[in-house]
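Residue numbers (the numbering used here), protein chains in the order written: chain A, 1 to 406; chain B, 407 to 812.
Now the structure itself:
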């Protein structure tokens, strides 16, 4: 498995994309906000979506369009979530039609996604104006513009791609995502699109995606709020020419491992670029009775406001980590817990067998002043392991979210 | 029922208290940090405690001391939580002994509580020095000093008392509490002590306390973190001379309603003085299928970081309220939800039948600029109702928690 420099959704064979300034928010005259991704041919496809009962109309329609396991293109916008709008389904349907007409494909093969403010009517004119133009500039270089077009409060574009060999053929998987706020486990992103030229059945694609998401996007939390628009979709067009993956054999494993690695990279990118974040926080739990317990414990730590604020303040107040483990709901023996911090600045043990250690404050500061901090929790009860990804809680999170609409 | 001006734990007959500067944190030379409350006679007593698996040694010992349903005094400190310390049980025991010796009572009738930093060894010298002094200055005016002595990052003292008539006798209930951070439902406070001169059996006292807590302290969240030290204890000494309450009759109801009203006042005080808070946020949910659903929905709204930041920013982004309702886990029909905001500045409807309304931004600003904001959620599905209490998320929350230990 090899990561491709500057890779993204147009890295796999047969995919093109484009992004443009559509002016979905009338005040926006400079940032790309509408994008399309398309495959030359119909793809097998799978998706996972928000579990919030309040859903964007785009999510409702995409789930419907994915029922037959095929898709050929994606249309997405930022600046408006198309959620809690009386005419939401009509607008989402119109977006699919515009994309289908411009690309000459079936409208039921279009994936639609929106992100931005909830509860404001989505203007359709920007799409009527922009989608035909987009169709005219779709290219192999367009993936990065598509990544920009879905950004909201993100400060960096999130894109990546990996290359593997399946059945003697070079297979590529590419991804773009946007995250930033309203991000919580199940799922940890608002929008992410994955493309691959692998030949794989819709059933195996869905299985691989579920496996990958479970240990990546679903282990990210920025602020504990599960969005109404979370959408992760994968399209596989088979252009690589490998023998189609139809069972959970060796090729399935290779493909799923690569997809998982790719999704983990994106999960870390999402966490590191959380709204207002200055640090990526990783919690690695080991020695849990079960994998489920390890996941619960790791997520509880990275979700704690007090732990997040402490990481921002570079203060090794490990009592807060014990506290978050204690209320996690997972079955632990407090008197067996060891905790340490590690980063490029070194590592330091702060708790052994549930009791705090006297530690070198200077070394702690050196470890915690880095940009990527790992909190290691050893429960000493079994072999369950998990990793969760979060970020610090900062003044800027409050600033960004205190007045998001204006 | 009548609230008593400047009332607190020494308002009921037969209770005295005192607070003093003990220097639990060596750097503290001015703030009261050790306190005692005592009754002239042995009381019936009940308590509810943190459900966090990581518990202060003070909590462990107090639960044990309350097993027989009696108690006579409280000793508590701020500045150190006595949690995650290898010698924690020994120190908690020593605090009880010192109080019992100084007051001339049985050490198993002492309630002990600590609040402050987790994982630092509790120095016992400040108690050896201060507790005999405290015993010498216990008075009917000392309740307010006791309230000060348990404050950590609290900015205001929290005390209240009510007077009721039971069986022709004047009965008083008084309370003090400290809150501020690491506060979450189950329970919404770190420490709170209630005293009453009512005659009531230990069983009925526990029942009344549980009822009251359920709709007050347990409906408060500041930051989602359930503390390791949460302790709420009530002592009843029977000095009022009413016939002892031993069943759930009319007197039980009068007493429990008064206790509930008192706890609700304290819950609002705790929420309004949350770490860094500038506004009290109340979410009232009505029309839920069940009371349980209403509670779940109300708590989800006041716990949402995005809603909290929005209230700080005085931005009527009601989509975030819908979002929090949608992921609450409660059984709701999104298409039936109405939402409005109200305050002393007026009221404004922002969502009807699950769709956002176009509303007057000027009026919204006028409603949201007040100090106490109520979010009204009507689910239109049944008769379940609940209220939850929270606060806004501010720069100062991050500042306070970024470097708490120093």
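Here a beta-carbon is modelled for each residue, glycine too, at the ideal position from N, C-alpha and C.
Q.
If you measure between the beta carbons of residue 773 of chain B and residue 765 of chain B, is that distance less than 8 Å?
A. No. Outside cutoff.
Q | Neighbourhood of residue 813 of chain B by C-beta distance below 6 Å, restricted to the same chain and skipping five residues each side | A | Residue 813 of chain B is absent from the model: chain B starts at 407 and stops at 812.
Q: Could you name the residues of chain B that residue 312 of chain A contacts, counting a contact when the two beta carbons are closer than 7 Å?
A: Taking the beta carbon of residue 312 of chain A as reference, the chain B residues within 7 Å of it are 804 and 808, listed in sequence order.
Q. Around the C-beta of residue 539 of chain B, are 16 or more other C-beta atoms found within 10 angstroms, so that it is buried, or is it exposed?
A. Exposed, by the Cβ-count rule.
Q) Between the C-alpha atoms of residue 664 of chain B and residue 564 of chain B, what's the straight-line distance to the nearest angstrom? A) Cα to Cα, the separation comes out at about 17 Å.
(Q) Please tell me whether residue 633 of chain B has its Cβ less than 8 Å away from any Cβ of chain A. (A) Cβ-Cβ to chain A under 8 Å: yes for residue 633 of chain B.
Q.
Starting from residue 397 of chain A, trace the alpha helix (DSSP H) in both directions and tell me its first and last residue.
A. Per DSSP, residue 397 of chain A is one residue of the alpha helix (DSSP H) stretching across 395-402.
Q) Where do the N-terminal and C-terminal ends of the alpha helix (DSSP H) with residue 674 of chain B fall, by residue? A) Unbroken alpha helix (DSSP H) run through residue 674 of chain B: 656-678.
Q) DSSP on residue 407 of chain B, reduced to helix/strand/coil? A) Residue state, collapsed to three classes: coil.
Q: Rounded to whole angstroms, what's the CA-CA distance from residue 748 of chain B to residue 781 of chain B? Just pull it up for me.
A: Cα to Cα, residue 748 of chain B sits roughly 7 Å from residue 781 of chain B.
**Q.** Per-residue burial, residue 187 of chain A [other beta carbons within 10 Å of its own, 16 or more giving buried]
**A.** Caution applies to residue 187 of chain A, whose pLDDT of 48 falls short of 50 and renders its modelled position unreliable; the model cannot decide the point.
Q) Taking buried to mean at least 16 other C-beta atoms within 10 Å of its own C-beta, is residue 6 of chain A buried or exposed? A) Residue environment for residue 6 of chain A: exposed (fewer than 16 other C-beta atoms within 10 angstroms of its C-beta).
Q. Which residues in chain A sit within 8 Å of residue 526 of chain B, going by Cβ to Cβ distance?
A. Chain A residues near residue 526 of chain B: 356.
Q) How is residue 359 of chain A classed by DSSP in three states: helix, strand or coil? A) In this structure, residue 359 of chain A counts as coil in the three-state DSSP scheme.
Q: Kindly indicate if chain B contains any beta-carbon less than 8 Å away from that of residue 360 of chain A.
A: Output row for residue 360 of chain A: interface = no.
Q: Check the Cβ of residue 489 of chain B against every Cβ in chain A and list those closer than 7 Å, keeping chain order.
A: Ordered by position in chain A, the residues that pass the 7 Å Cβ test against residue 489 of chain B are 319.
**Q.** Among A:327, A:202, A:162 and A:105, nearest to residue 260 of chain A - alpha-carbon criterion
**A.** That would be A:162, whose Cα lies nearest to the Cα of residue 260 of chain A.
Q: Give me whichever residues DSSP pairs with residue 795 of chain B in a beta bridge.
A: Looking at the DSSP assignment, residue 795 of chain B forms a beta bridge with B:626 and B:688.
Q. Is there at least one Cβ from chain B nearer than 8 Å to residue 187 of chain A's Cβ?
A. Interpretation of residue 187 of chain A is limited by its pLDDT of 48, a score under 50 that renders its predicted location unreliable; the figure taken from the coordinates is listed afterwards. False, the Cβ-Cβ gap to chain B never drops below 8 Å.
Q) If we cut at 8 Å on Cβ distances, does residue 217 of chain A have a partner in chain B? A) Using beta-carbon distances, residue 217 of chain A does not count as an interface residue toward chain B, since no partner is under 8 Å.
(Q) Please tell me whether residue 80 of chain A and residue 24 of chain A are closer than 8 Å, where the distance is taken between their beta carbons. (A) Residue 24 of chain A is positioned such that its CB atom lies closer than 8 Å to that of residue 80 of chain A.
**Q.** Backbone secondary structure at residue 232 of chain A - three-state DSSP
**A.** Residue 232 of chain A: strand per DSSP, three-state reduction.
Q) Grouping DSSP H, G and I as helix and E and B as strand, with all else coil, what is residue 716 of chain B? A) Three-state DSSP puts residue 716 of chain B in a helix.
(Q) Less than 7 Å between C-beta atoms, sequence neighbours within five positions excluded: which residues of the same chain meet that for residue 521 of chain B? (A) The residues 484, 487, 556, 558, 584, 596, 597 and 635, in chain order, have a CB closer than 7 Å to that of residue 521 of chain B in the same chain once the five nearest residues on each side in sequence are set aside.
**Q.** Per-residue contacts from residue 332 of chain A into chain B (C-beta, under 7 Å)
**A.** Under the 7 Å cutoff, chain B gives 459.
(Q) Quick check on residue 733 of chain B - is its C-beta less than 8 Å from some C-beta in chain A? (A) Chain A contact via Cβ: present.
Q | N-terminal and C-terminal residue of the alpha helix (DSSP H) that residue 465 of chain B is part of | A | That run of the alpha helix (DSSP H) goes 463-471.
Q: Could you tell me which residues DSSP puts in a beta bridge with residue 747 of chain B?
A: Note: residue 747 of chain B sits in a beta bridge opposite B:754 and B:781.
Q: On the DSSP bridge assignment, give the partners of residue 520 of chain B in chain order.
A: For residue 520 of chain B, which the question treats as bridged, DSSP gives the partners B:483.
**Q.** Min CB distance residue 117 of chain A to chain B below 8 Å
**A.** Taking 8 Å as the CB threshold, residue 117 of chain A lines the interface with chain B.
Q.
Between residue 729 of chain B and chain A, is the shortest Cβ-Cβ distance under 8 Å, so that the two count as touching?
A. Judged by the 8 Å Cβ criterion, residue 729 of chain B is in contact with chain A.
(Q) Once DSSP output is grouped into helix, strand and coil, what is the label at residue 454 of chain B? (A) Strand at residue 454 of chain B.
Q) Who are the near neighbours of residue 776 of chain B in its chain, counting only those whose CB is closer than 7 Å to its CB and skipping five residues on each side? A) If we look at residue 776 of chain B and ignore the five residues flanking it on each side, its Cβ neighbours are 749, 750 and 751.
Q. Checking contacts by CB at 8 Å: is residue 195 of chain A closer than that to chain B?
A. It does not: the Cβ of residue 195 of chain A has no partner Cβ on chain B nearer than 8 Å.
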